[in-house]
Amino acid sequence: MATAAATTWEQAPGLCRPKILVVDNIPENLAVMEALLGYTNAAIVCVESGAEALARMNMDEYAVVLLDVAMPEMNGFQVAKTMHSNARTANTPVIFVTAYPQDEVGVREGYSTGGAVDFLFKPIDHTLLRTKVQVFLNLHKKLQEQRLANTQLTALQDDLIGRQLDVEVTRQTLSRKNRELEMRCHELVRRSREQKTIAARTPVLQAILDYLDLMETCDDRNSADFNQWIESSRKLTRVCMG
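Numbering (numbering that gives the first Met the number 0), first residue to last: 0 to 241.
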């Protein structure tokens, strides 16, 4: 059978090192817990009061809280109820550590605080402690992996949307340029036709002008040549006019 140490948490790429919060008003108990949890590779944070524990949880996320029940000013059950009323800490798992007898009333009060709850009774069974803590560390790791996967998926979706927008902008740009090219092509065709028409008409116009010059130099307006020039000019004029 594998021991708890064989299934210690290992930091994966993109995941943060988990934190375990140990709350006990007796420093010696904190030192023992810190030593027992050293195998986890998690960051062990020890505090001596419920108020300090709540302050810590408002600043950082913890995979599990080991919470001593019998503390002055604010006992473990009161701390857990306050945690449950706070959206930031409501889902943080709690393992109550108590020297109280395993009576039904105490257990019921612990579970009534809400959230993920478990119990450890003093004297602490080291193997049981590690087993219970490891369960919550594994859950925390899976939660982190899910968050990371969701973040990556969101990034991929945003990238895809960005690429689709780029494609749409490119499509619209190409469409606009195609319309501009079509307009230029039509303009070039029109100009080409005009140039061809002018080129075709220029010799005809020149010939008409030549005939007019001949007619101006002719003394006999009734001569056959004069009449022939007039007729040729008329024909060329009809050709020029299409």
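Heads up, the beta-carbon is just placed ideally off N, CA and C, and yes, glycines get one too.
These numbers were taken from a predicted model, which means no experiment stands behind them.
>> With H, G and I counted as helix, E and B as strand and the rest as coil, what does DSSP make of V68?
In response: coil
> Is A30 helix, strand or coil when you go by DSSP?
Replying inline: helix
> CB A52 to CB I19, shorter than 8 Å?
Replying inline: Cβ atoms of A52 and I19: not closer than 8 Å.
>> For A50 and V78, I'd like the C-alpha separation in whole angstroms.
In response: 8 Å
> Out of curiosity, what's the CA-to-CA distance linking E230 and H185?
Replying inline: 39 Å
> With burial defined as no fewer than 16 other Cβ atoms inside 10 Å of the residue's Cβ, what is the status of N137: buried or exposed?
Replying inline: exposed
>> Closest to V63 by C-alpha separation, out of I43, S48, F76, K80, would be which residue?
In response: In terms of Cα proximity to V63, the closest of I43, S48, F76, K80 is I43.
> For N57, which of F135, E144, M82, S222 has the nearest alpha-carbon?
Replying inline: M82
> Where does D117 sit, in a helix, a strand or coil, going by DSSP?
Replying inline: D117 falls in the strand class under three-state DSSP.
> Can you tell me the Cα-Cα spacing of D124 and L159, whole angstroms?
Replying inline: 52 Å
>> Assuming L29 and L128 are in contact, meaning their beta carbons sit under 8 Å apart, how far apart are those beta carbons, in whole angstroms?
In response: So it is not a contact: roughly 14 Å between Cβ atoms.
> Quick one: Cα of K176 to Cα of T88, how far?
Replying inline: If you take the alpha carbons of K176 and T88, they lie about 58 Å apart.
> DSSP on I160, reduced to helix/strand/coil?
Replying inline: helix
> I think V116 touches T39, with their Cβ atoms under 8 Å apart; what is that distance to the nearest whole Å?
Replying inline: With a contact defined as Cβ atoms closer than 8 Å, V116 and T39 miss out at about 20 Å.
>> Between A98, A154, E179, Q143, which has its C-alpha nearest C15's C-alpha?
In response: Closest option to C15, Cα to Cα, is Q143.
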